[in-house]
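Participant: Attaching a single structure in structure tokens format; questions to follow.
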Amino acid sequence: MSILDRFTTTDQVAVVTGAGRGIGAATAVALAESGSDVVISARTAGQLEGVAERVRAAGRRAVVVPADLSDLDAVAGLAHAAYDAFGRLDTVVNNVGGTIPNAFLDTTPDYLEEAFHFNVTTAHALSVAAVPLMLKGPEGQKSITCISSMMGRSAGRGYLAYGTAKAALAHWARLAATDLAPSIRVNGIYVGSVMTSALEFVAGVPEMMDQLETKTPLGRVGEAEDIAAAVVYLSSRAGQYVTGKLLEVDGGIQAPNLELGLPDLSG
């Protein structure tokens, strides 16, 4: 096997959540290009169909499951959809998540719990459903990858709910890796600023874009494919000796590269 062969996922089956656009869409296509059939899910059927066309253009099969992935039954059902369609499940990418920044006093307990649910509980529900199916399938690389954020390892004003949830997801990956070793590898990615729909408003404000770029050591905002490439590495034989780790794919930032301008609190 050549070194490049190690980066393939030929005939594996993957589930990717939040796959209608951005990092999820890029990841689904990248896994297809490396050899996987994929089950993709998000809210918007039209977006998913566009991603499915790209998967099929890469010569692989796609199953489209439009769903509200905050619904735990719906997200868990993706594992069974993959096994029913393809007879195996090898890769899970817990990508769905996100939380809008908020000031401290506007971050209610319900808001914090909602952030945890959408970023962590959904990942757990899918993974718990997937693991028995991954274990009963053919031998080979079995991998779960969680898409966290650099805000899960850093601190910035306004990101309390989001950062707490992403930190929890990162540590969930470490703990799950211990529970599932040696059969299934579990890793995560600390994602930096990536030009997805979440940053569309920033792209239209030159001052904000300049801040993102100049405060990033590599001098640019990331592309969704930068994250997708890391997922392929972690899902393939190339990453077969990696588990319980968080890759930092963030352009080299060590602190938030976008200030939200929230004022100091006063009495």
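In numbering that gives the first Met the number 0, the protein residues as written are 0 to 266. Beta carbons are placed, not taken as given, at the ideal position from N, Cα and C, and that holds for glycine.
1. Just the C-alpha distance for L159 and M0, rounded to the nearest angstrom, thanks.
2. For a test of the three-state rule: what should DSSP assign to Y232, helix, strand or coil?
3. Between the C-alpha atoms of S147 and G187, what's the straight-line distance to the nearest angstrom?
4. Locate the alpha helix (DSSP H) running through T189, then write down its first and last residues.
5. For the candidate residues V95, D89, D72 and G155, whose alpha-carbon lies nearest to that of I280?
6. Do S33 and V231 come within 8 Å of each other at the CB atom, strictly closer than that value?
7. Measuring only the C-alpha atoms, how far is A24 from S142?
8. So, with DSSP's three-state summary, where would you put L125?
9. Between T213 and G76, what straight-line distance do the alpha-carbon atoms span, to the nearest angstrom?
10. According to DSSP, what are the bridge partners of A267?
11. Considering just the uninterrupted stretch of the alpha helix (DSSP H) at A84, what are its terminal residues?
12. Roughly how many angstroms lie between the CA atoms of L277 and F200, to the nearest whole one?
13. Going by C-alpha to C-alpha distance, which of A254, Y240 and P100 sits closest to A114?
14. Look at the alpha carbon of A254 and the alpha carbon of M207, and state the distance between them as a whole number of angstroms.
15. Taking its Cβ as the centre, do 16 or more other Cβ atoms sit within 10 Å of Y82, making it buried, or is it exposed?
16. How is the beta strand (DSSP E) around V91 delimited, first residue to last?
17. Does R144 come out as helix, strand or coil in the three-state DSSP assignment?
18. I need the straight-line Cα distance from A61 to P216, nearest angstrom please.
19. Quick one: using the 10 Å Cβ neighbour count with 16 as the cut-off for buried, is S182 buried or exposed?
Facilitator: Answer, in terms of the structure:
1. Rounded to the nearest angstrom, the two C-alpha atoms are 46 Å apart.
2. For Y232, the secondary structure class from DSSP, reduced to helix, strand or coil, is helix.
3. C-alpha separation (whole angstroms): 6 Å.
4. It should be pointed out that residue 189 corresponds to Tyr in this sequence rather than to Thr. Note, Y189: premise wrong, no alpha helix (DSSP H); beta strand (DSSP E) at R184 to V190.
5. As displayed, the chain neither begins before 0 nor continues past 266, which places residue 280 out of reach and without an answer.
6. yes
7. A24 and S142: Cα-Cα distance of roughly 18 Å.
8. helix
9. About 43 Å.
10. The requested residue 267 is not part of the displayed model; the chain covers only 0 to 266.
11. L71 to F85
12. Nothing about residue 277 can be reported from this structure: the residues present for the chain run from 0 to 266 only.
13. P100
14. 16 Å
15. With 16 or more other Cβ atoms from the protein chains shown falling within 10 Å of its own Cβ, Y82 counts as buried.
16. T90 to N93
17. Residue 144 is actually Thr in this sequence, not Arg. Strand.
18. About 37 Å.
19. exposed
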